[in-house]
Structure formats: C-alpha cells, structure tokens
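Here the structure comes first, spelled out in structure tokens, and everything after it is commentary.
There are 2 protein chains.
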Amino acid sequence: MTARWWCELAWLGGEDAEAGVLLEAGDDGVLTAVTSGVRRADAPDAEALGGLTLPGLVNAHSHAFHRALRGWTQAAGSGSFWTWRERMYALAARLDPDRYRTLAAAVFAEMALSGITTVGEFHYLHHGPGGRAYRHDAMGEAVLAAAADAGVRLTLLDACYLTGGIGTPLNDVQRRFADAGADGWASRLEGLISTVPAAARTVRVGAAIHSVRAVPPGSIATVVGWARHHRAPLHAHVSEQPAENDACLAAYGRTPTGLLGALEALGERFTAVHATHLTGDDVALLGASRSSVCMCPTTERDLADGIGPAAALWNAGSALCLGTDSHAVIDVWEEARAVELDQRLATGERGLHAPGRLLEAATAAGAAALGWPGVGRLAAGYAADMVTVRTDGVGLAGTFSGSGAGAAAAAVFAARGSDVTNVVVDGRTVVAGGSHALLGEVGPRLRYAIDSLWDTGP
Amino acid sequence: MTARWWCELAWLGGEDAEAGVLLEAGDDGVLTAVTSGVRRADAPDAEALGGLTLPGLVNAHSHAFHRALRGWTQAAGSGSFWTWRERMYALAARLDPDRYRTLAAAVFAEMALSGITTVGEFHYLHHGPGGRAYRHDAMGEAVLAAAADAGVRLTLLDACYLTGGIGTPLNDVQRRFADAGADGWASRLEGLISTVPAAARTVRVGAAIHSVRAVPPGSIATVVGWARHHRAPLHAHVSEQPAENDACLAAYGRTPTGLLGALEALGERFTAVHATHLTGDDVALLGASRSSVCMCPTTERDLADGIGPAAALWNAGSALCLGTDSHAVIDVWEEARAVELDQRLATGERGLHAPGRLLEAATAAGAAALGWPGVGRLAAGYAADMVTVRTDGVGLAGTFSGSGAGAAAAAVFAARGSDVTNVVVDGRTVVAGGSHALLGEVGPRLRYAIDSLWDTGP
C-alpha cells in the first residue's frame, strides 16, 4: 500500500518552495517519490495538504522535564544560570518514572503540535532518590514510552554524569544522575538498548557526555569508545558558561573543546551543544573535525548564556542544528530565526545565515546529528516526516510569493508553532487540523503533569 | 446600561493575578468597578472570561505599512538597516490612500488578534507621488479609518519629515513624506484634527519628529511648540543607528538626545523611540526629564540595530514602553520578554526587569506615552480595554499557580499572540474565541492587501 499526499507548496531545499508536490511513501514509512508541478486534479486520491509543507522539524537538544520550569524560574529577582540550576534540581528531585513518562509524553506532544517530528532527548535523570537504581532502567524506559505515546521519532541520548564538578563530589540530587563509573553507565545503557525491538523504526539510542564538569577525562574516553563501537551519535554540553571554561583550563590546561579533542571525542558523529564561549582554536577544532554544533538560542537568552559564534562555526566547517533545550519556548521556528537575529545583535550585520541554511539546521542537519541520515528531507529514500504550516493565517499571509519564491525566508522569519496544521511522522499522521491525533488536548495533560509536581493546582 | 465581565483570573498589577474578578463598565466604555474574589455563581449574568485577563496591550510604535515587508527583506544576502530601508521605500512608493487603508485595517486587525487594543501609528507617508498633496489629507484619514475598521484605539502620531538627511535633499520617495516646512506640517495636521469628531473616544492625534536626520533644529522647535500648545504626545526616532549619532555630532556638536534636549523636546510627553546607541549623558537626560523610551526589540534584532540600555534608562527615571515597529513580528508579549532577554545576552545577568514591570511597559506605560492616561489598567476610572489569554493551551499550561501567583512571569515569558481568545476595546468586544468580531478572517485580508502591492498573487 502506498500513502500519497498532495502539497499546495513544499520546500525541497534552497530558498524557494515548489508548487503542487506529490509525496508518495510505502508501508515502511519511506518516501518513494517526490514529484513537483502536479495539479491537484491529477492526484485526486492523495491527501491534500494546503499551505506550505516542509520536512518535519528536528529538536536536537531536549531535557523534557525542564518544561515544568516554564514561567516558574524567570520571576525571582536577579540571578544567573547557576541559580536557575538550583530550581531545576528541586524539580528533578520530585520525579519518578510514572510522573516522568506522563510529563515527557505531554511535552513531546507539545513539540509535535509545533511541527517537531524528531527529538534528541539528552537524558540524565537515571535513578531514584539517593541514587538508588530502579529496576529495568525505569527512567530511560519512561522516555522511550513517552515518545511512542506522542508519536515522535526519538534519539535517546543517554548521558554519563559522574561528578558534581571537576573534583567535586555529587550532591544529593546529582546522585540520581550518576552511575557506578563510565563502565556502570555503559552497562546500564546496554540493558536499555536490549529493550528496544530490533524492528523499531523511530527509536535510536545514543551517548552523551554531560559536560567536562560532570565526567572526568578517563571516563570521557570510555564513553567515546562506547559511541565509536556502536557508531552512535555522541553529544556533550560544551562551554555554555565561562565558569566551565575557567574550571576546565585550571584543572586540565585545556578548554572543554580542547580536552574533548584530545580525548578523540570530536568528529562527524559528535555534537557540541551550546558552544557559546569558544576560543578561535575551539572553533577551528570543531570545524576541522566536522563536529556538529547544536545551538539553543531561546534557552541561551533565558539563561543569560550569551551569543555563540554561529557564523564562524559554519565557516569553519561545522553543521549547525537546533534545540529547544529548557523548553522556556518550544518552537524550532523561533530557534532558527534566533540564530540569525542574535548574530545580528552581536555584529550589526544582517543576513549572515541564508534562510535555506537555517531550515537545513532545523531539519536534515539536526537529523544527521541524532543518527538519522535518512531523515530531514522531502526526497525519495527519506522518511515520510513532514510538517505543514498554514499560509492564510496572520503570521504568514503575504510573506512570500504565491509561486513559492522566497518561502524559506517566510518560514524562518514568520512561522510559529501555532501555524502548524498537520504533522506526519514515519508516514503516520500525528497532528491534523492543529490537534494531536493520538493524545487529543495537550494543554490539560501538561497542566496535570506539572501541577502534580509543584502541588499548585487550583 | 452596564457591561459586566467575570474573569477567572485577572492581572491588576504586580507579580500575581487575582481569582474571580468582576469588571463593570458604563455606556461610556469606562470601568466603574473592579472587584476581586467574586465567585462565578455570584455573577451569573456577567460574560465569563476563562483564562487570564489583563489590560489590553499597547503598541506604542507602529508603521502599519511595513507589515508588507515581512518575509520579503530578510533573505537578500548580507545587508544592514540601510539596505532594508531601500526596500521599504520601494513599498512606500506603491501606496495610495485606498491601498493604505486596506492594508492598515488588516494590520490593525492582526494586532487586535494578538491582544493589542491601542496603537501609536507613527505616520509619515503623507502625500502622493512626487510629493503632490492629496485632497483632505487622504493618507492620514486612511489611518483613522483603518483603526475604526479594526476596532482599535489609535494615537495617530503625525511625523514631520523635511530632509533626506542632515543637509541632504529629499529623494523621490521621501518627497511623499515631506510638508512645506514645519509650518506646512502643522497646518496640514490642524486640518486632519478638524476631521476627528469632538466626541471621539478612541482616537487621538499627536506629533512626531521623524528623526534629527529628517528635521532641522529650527523645525524641531516648531514641532515641539505645536505639541506643547496642544498638550499632545511627541515622539521621535532617536539613535537607532550609530551613523545617525555620527552625523548629528558632526553637524551640531551634540548627540540626537542632546540636540532634542537643547530644543526643549524632552519631558513627560516625549517618547524616544529605540534609544539604542546612547551615551551616559543621553541616558541621564532622558531619565531626568521623565521622557519615555519606546523599545522595539524584535525590530532591533531584525535590523541589526543592537541592544539598548533598557535597565539603565529605567534606573535613570524613564518609563519604558513597547512597539512592534516594522511588524516583522506582531506580538507585544514577545517584545516584553525580549527587553529582558536581550539585556541578559548583553549582561550575562537574569532578572533585570521584574515581569510585572514589563507588563506595565506593555500596558499603562505605553498608554501614557500615547496620551491616554486613563487607559492601561484594570481599575475603576480606566477604559474597559482588556485582553484574555487561554491558560489551558500548550503555551501557558502549567506555567503559574492556579491561585494566580506568578501570573505576570507566565504572561511575559510564555504568552503569545496565538493564545489570545478575547479582546475588548472601549467596552466593545473586538475579538471573541480567537476571531476578529468585526472583520472576520484577517489572514486573507492581509494577503489580498499585500499581494496587490507586490503583484505576487498566485
């Protein structure tokens, strides 16, 4: 059986969209043909997608449970990343597997409504209070189940987290993040992987080094070796804050990027998350090794992190991808434009990143960074993951030519999650008419999941 | 007759919302009573507003016709404010009174849908091609009619524009902006004012100095005198770009703020728009004179203007208000958080502006800057202008306590125009259930108005 969609307009790459695009997919959720210039009358049996259709958005860096902080951490007087982190730890201490699954499913569903079809969940909340292990790695299984509940494609990036800082012991909350060394981490991860059916088409497991603060060099080497052996994606938080750089230089005489380079972590399967405070040498190392960089600009605004060198990294050879990270905002359209807009604030120049390139960051580059080379384009052989935005709403009306010319700029600079009408993941409709086709009303689910954590219901 | 609304939650100032707030207004569109702690059962006849109700948002700086640039100016390679201006001029050259009214009405309706109840339209497109005067100031009348069409409260800030730059003649497009000197500007404006009925409750006319680039000192003094005589609000673009500062210093030996101060423009009725590149003396002058400052952060991002000294201005004594300016985005919620978020990027510190203060900027402070001291608060004696946002959608779900505690932070950091369900202006419902009650579907109106300008319809 073949699924067919007829798109009024579809973005197939570059700066413009094509009109009348027929997408066909097989039972395996893979596109078999993408044909432009097809009149609706010539494909009457295909499902019609009015508006503009693009490859589904890829959220390459998520901590699902941080969604429960939205609104709660911004009010409290002055502060910094580090005071924000205290509140996040208070939240982490309240989660158990059931609450984690309920919350994460609602958050992944919120993502789907905004056009996200693939999520990279950077998962570090592994154990129960005091670090006591759950049976069956219940927290990791909760993440896998939540993605299935919400119908999104998932790369679970399981993070190794061993120390509270360089040479600093774990505190009570951090004990929930830690394993018995990097070998303990690897062994738990093998257990989790064994629960994923071999035939699963929308789940992958990858590795993460939480940061050079949380993983000593010898253990970093172990994680790097594990990822190489499994040919798995490897992510790490890198230089989000100057204090991390200072501590790393003091302890190891290298920047975080320099240390990761020396431990052979960098390369095409590696993604540096944030990469905000880099030296010129760091930029050159990341670019020359073809490492990806995941920028999370709305989080970096919220946490007062600063503006990373996006244009320099691109010019050096790094692919850029995007993440909503702390979920102060869940809107990859906003992340895409924020990369460019924040560069404008930093440099006084416009147009450092072409819109088509920003859409690549939001789609294929993110998928590649999460270990899905066959995801993120509307082309034969790629997964049938797509998002459709209305072009007759107030956001996009009049923002590009009816022929499709200039559609990339319009999508990047004017689209919002609330413009999304339809989402397909692996050939299956997950959002239709702006509503979640699997879970129904998502707002009340979020509210229930969050109120039960904070005990703040009405 | 009395109109009554019962609000599930309403923000009356500060950081929290009150539960069960009954609003009552007379036929004159003025609130007569605001009562907290009222159960729904005790006000069964009142119109129920579920979610969170706030005073209507005030957009203190708009150029309505710039909406037609959204999506069209961001793609073209590298560039700056100045290349953007060329495209804007090409658009201005295509407008006539009918097209201007059609476009502006759709744009004001888009504003209403996002919760904006009062607009300050900084209006400088006064004349026909080559500077030929229309009969009856047809362009100004088009703006007045458009606001009435869309049901929003309007301050038309009529801008004096006389030179193409300091000592530079007008170019062809700029001739449409200019009058025969400041006296010609004043005389045209008196004509426009005479068309506004004395009983009009939702229209006011104020003055604007386009910039120190476009108005020589002697003419600035004339505009200042006119505004003082009429006790009218007076706005000016100030120091949006370093080049303006350089030219002003070279010609007059003063910064733009210094020049405006020497010409007695500053004071409680004055609003400096942008105020991005200020000296310490500029900040002190604006603050000591109690001048307002209108920040337009999404435009300042888009045009690579830079980040203005919002916290320093506030500390010096200036009230801050907000504008969507070029309408790359029409969302005052986004402007409010962007003031704080961009300060975080510039300083590395969070929480420089309390959320309640940012909501004041988005409401009462903006109204005051537009000459509406009785607008912008939910309190007896203030106009019945309000906006309601849903709290059960994915944006706001779980972002504050069911009791209303922390509602200001949630509204500032999580609300979006697409969360708006209901808008009331001067006691009249303008948006209901997320749809424009007067104009119906707004997207197609925008598309029609813009496609006809660019000749880009399908």
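Residue numbers (my numbering), protein chains in the order written: chain F, -2 to 455; chain P, -2 to 455.
Yeah, the Cβ is synthetic: ideal placement off N, Cα and C, and Gly gets one too.
Since this is a predicted model, take the numbers as computed values, not measurements.
>> At 3 residues or longer, what runs of the beta strand (DSSP E) sit wholly inside the segment 207 to 256 of chain F?
In response: Residue ranges of uninterrupted beta strand (DSSP E) with 3 or more members, entirely inside the segment 207 to 256 of chain F and ordered along the chain, are 231 to 235.
> What residues match up with S286(P) in a beta bridge as DSSP calls it?
Replying inline: The residue labelled residue 286(P) in the question sits at position 289 within the second sequence. Its beta-bridge partners do not exist; DSSP assigns none.
>> With DSSP as the reference, identify every bridge partner of L154(P), one or two as the case may be.
In response: Here residue 154(P) is taken as the residue at index 157 of the second sequence, counted from 1. Answer is F119(P), G203(P).
>> So for V55(P), helix, strand or coil by DSSP?
In response: Numbered from its first residue, the second sequence carries residue 55(P) at position 58. In the three-state reduction of the DSSP assignment, V55(P) falls in the strand class, which pools E and B.
>> Quick check: is the beta carbon of V439(P) nearer than 8 Å to any beta carbon in chain F?
In response: Translated into the one-based positions of the second sequence, residue 439(P) becomes position 442. V439(P) counts as touching chain F.
> I304(F) versus chain P: which residues are under 8 Å apart at the beta carbon?
Replying inline: As a position in the first sequence, residue 304(F) is number 307, starting the count at 1. Under the 8 Å cutoff, chain P gives L342.
> Counting along the chain, where does the alpha helix (DSSP H) carrying F410(F) start and finish?
Replying inline: For the purposes of this step, residue 410(F) is taken as residue 413 along the first sequence, with counting starting at 1. That run of the alpha helix (DSSP H) goes 404 to 411.
>> In whole angstroms, give me the CA-to-CA distance for A89(P) and G371(P).
In response: Taking the second sequence and counting its residues from 1, one reaches residue 89(P) at position 92. Taking the second sequence and counting its residues from 1, one reaches residue 371(P) at position 374. Each residue's Cα considered, the two are about 34 Å apart.
> What runs of the alpha helix (DSSP H), each 4 residues or longer, lie entirely inside the segment 123 to 152 of chain F?
Replying inline: Residue ranges of uninterrupted alpha helix (DSSP H) with 4 or more members, entirely inside the segment 123 to 152 of chain F and ordered along the chain, are 135 to 147.
> With which residues is A316(F) paired in a DSSP beta bridge?
Replying inline: By one-based count along the first sequence, residue 316(F) stands at place 319. Per DSSP, none; premise fails for A316(F).
> Looking at chain P, which residues of the segment 351 to 370 of chain F have a Cβ within less than 9 Å of any of its Cβ atoms?
Replying inline: Within the segment 351 to 370 of chain F, the residues whose Cβ lies closer than 9 Å to some Cβ of chain P are A351, P352, G353, listed in chain order.
> Taking 8 Å as the CB-CB limit, is L54(F) close to chain P?
Replying inline: To locate residue 54(F), count along the first sequence from 1; it is residue 57. No, L54(F) lies away from the interface with chain P (no Cβ there is under 8 Å from its Cβ).
> For A57(P) versus C318(P), is the C-beta spacing smaller than 8 Å?
Replying inline: For the purposes of this step, residue 57(P) is taken as residue 60 along the second sequence, with counting starting at 1. For the purposes of this step, residue 318(P) is taken as residue 321 along the second sequence, with counting starting at 1. Result yes, Cβ atoms of A57(P) and C318(P) sit closer than 8 Å.
> Is F267(F) helix, strand or coil when you go by DSSP?
Replying inline: On the first sequence, residue 267(F) is found 270 positions in, with the first residue counted as 1. In this structure, F267(F) counts as strand in the three-state DSSP scheme.
> Can the beta-carbon of S236(F) be found less than 8 Å from the beta-carbon of H271(F)?
Replying inline: In the first sequence, counting from the first residue as 1, residue 236(F) sits at position 239. In the first sequence, counting from the first residue as 1, residue 271(F) sits at position 274. Yes, these two residues count as a Cβ contact at 8 Å.
> Is V55(F) near T199(F), with beta carbons less than 8 Å apart?
Replying inline: In the first sequence, counting from the first residue as 1, residue 55(F) sits at position 58. In the first sequence, counting from the first residue as 1, residue 199(F) sits at position 202. No, they are not a contact pair.
>> Could you give the first and the last residue of the continuous beta strand (DSSP E) run that contains L20(F)?
In response: Taking the first sequence and counting its residues from 1, one reaches residue 20(F) at position 23. Here the beta strand (DSSP E) through L20(F) covers 15 to 22.
> From P455(P) to T396(F), what distance separates their C-alpha atoms?
Replying inline: Taking the first residue of the second sequence as position 1, residue 455(P) is located at position 458. Taking the first residue of the first sequence as position 1, residue 396(F) is located at position 399. Residue placement at P455(P) cannot be trusted, given a pLDDT of 42 that sits under 50; what the coordinates show is reported in the next sentence. Those two C-alpha atoms are separated by around 13 Å.
> Candidates A142(F), G148(F), V209(F), A195(F): which alpha carbon is nearest A156(F)'s?
Replying inline: Position 159 of the first sequence, counted from the first residue, corresponds to residue 156(F). For the set A142(F), G148(F), V209(F), A195(F), the Cα lying nearest the Cα of A156(F) is the one of V209(F).
>> Here's a check: name, in chain order, each residue in its chain whose Cβ is nearer than 6 Å to the Cβ of R201(F), leaving out the five neighbours to either side.
In response: Within the first sequence, residue 201(F) is the residue found at index 204, counting from 1. The answer, listed in chain order, is T152, G368.
>> I'd like to know if R413(P) contacts chain F, where contact means its C-beta is closer than 8 Å to some C-beta of that chain.
In response: The residue given as residue 413(P) occupies position 416 in the second sequence. Chain F contact via Cβ: present.
>> Distance cutoff 8 Å, beta carbons only. Does A325(P) sit that close to anything in chain F?
In response: Counting from 1 along the second sequence, the entry for residue 325(P) is found at position 328. Yes - at least one Cβ of chain F is within 8 Å of the one on A325(P).
> Would a check of beta-carbon distances place E107(F) closer than 8 Å to chain P?
Replying inline: Indexing the first sequence from 1 puts residue 107(F) at position 110. Cβ-Cβ to chain P under 8 Å: yes for E107(F).
> So, is the C-beta of E346(P) closer than 8 Å to a C-beta in chain F?
Replying inline: By 1-based counting over the second sequence, the position of residue 346(P) is 349. It does: the Cβ of E346(P) has a partner Cβ on chain F nearer than 8 Å.
> Going by the beta-carbon positions, is the gap between L167(P) and A175(P) smaller than 8 Å?
Replying inline: The residue you call residue 167(P) lines up with position 170 of the second sequence. The residue you call residue 175(P) lines up with position 178 of the second sequence. A contact, by the Cβ cut-off of 8 Å.
> When you compare only the Cα positions, how much space is there between E107(P) and L246(F)?
Replying inline: As a first step, residue 107(P) must be located in the second sequence, where it is residue number 110. As a first step, residue 246(F) must be located in the first sequence, where it is residue number 249. C-alpha separation (whole angstroms): 52 Å.
>> Taking DSSP's pairing of strands, which residues face N419(F) in a bridge?
In response: Reading the first sequence from its first residue, position 422 is the one you call residue 419(F). Its beta-bridge partners are T385(F).
> Taking 8 Å as the CB-CB cut-off, is V391(F) touching chain P?
Replying inline: Here the question's residue 391(F) lines up with position 394 in the first sequence. Taking Cβ atoms only, chain P reaches closer than 8 Å to V391(F), which makes this a yes.
>> Is there a Cβ of chain P sitting closer than 8 Å to that of G454(F), yes or no?
In response: As a working note, residue 454(F) is residue 457 in the first sequence. Here the model assigns G454(F) a pLDDT of 44, short of 50, so the residue's position is not dependable and the matter cannot be decided.
> From the DSSP output, which residues share a beta bridge with W3(P)?
Replying inline: Against the second sequence, residue 3(P) aligns to sequence position 6. L19(P), A45(P), per the DSSP bridge assignment.
> Looking at the structure shown, is A197(F) part of a helix, part of a strand, or coil, going by DSSP?
Replying inline: Your numbering for residue 197(F) matches position 200 in the first sequence. In the structure shown, A197(F) sits in coil (DSSP, three-state: anything other than H, G, I, E or B).
> If contact means a Cβ-Cβ distance below 9 Å, which residues of the segment 421 to 446 of chain F contact chain C?
Replying inline: No chain C is present in this structure, whose protein chains are F and P.
> So, using beta-carbon positions, are V116(F) and A144(F) closer together than 8 Å?
Replying inline: Indexing the first sequence from 1 puts residue 116(F) at position 119. Indexing the first sequence from 1 puts residue 144(F) at position 147. A contact, by the Cβ cut-off of 8 Å.
> Buried or exposed: A30(P), going by 16 or more other Cβ atoms within 10 Å of its Cβ?
Replying inline: Against the second sequence, residue 30(P) aligns to sequence position 33. Exposed, because fewer than 16 other Cβ atoms sit within 10 Å of the Cβ of A30(P).
>> Run through chain P and tell me which residues come within less than 8 Å of W69(F), C-beta to C-beta.
In response: Counting from one through the first sequence, the residue named residue 69(F) turns up at place 72. Within chain P, the residues near W69(F) are T396, F397, G403, A406.
> Does DSSP put L28(P) in a helix, in a strand, or in coil?
Replying inline: Position 31 of the second sequence, counted from the start, is the residue given in the question as residue 28(P). Three-state DSSP puts L28(P) in a strand.
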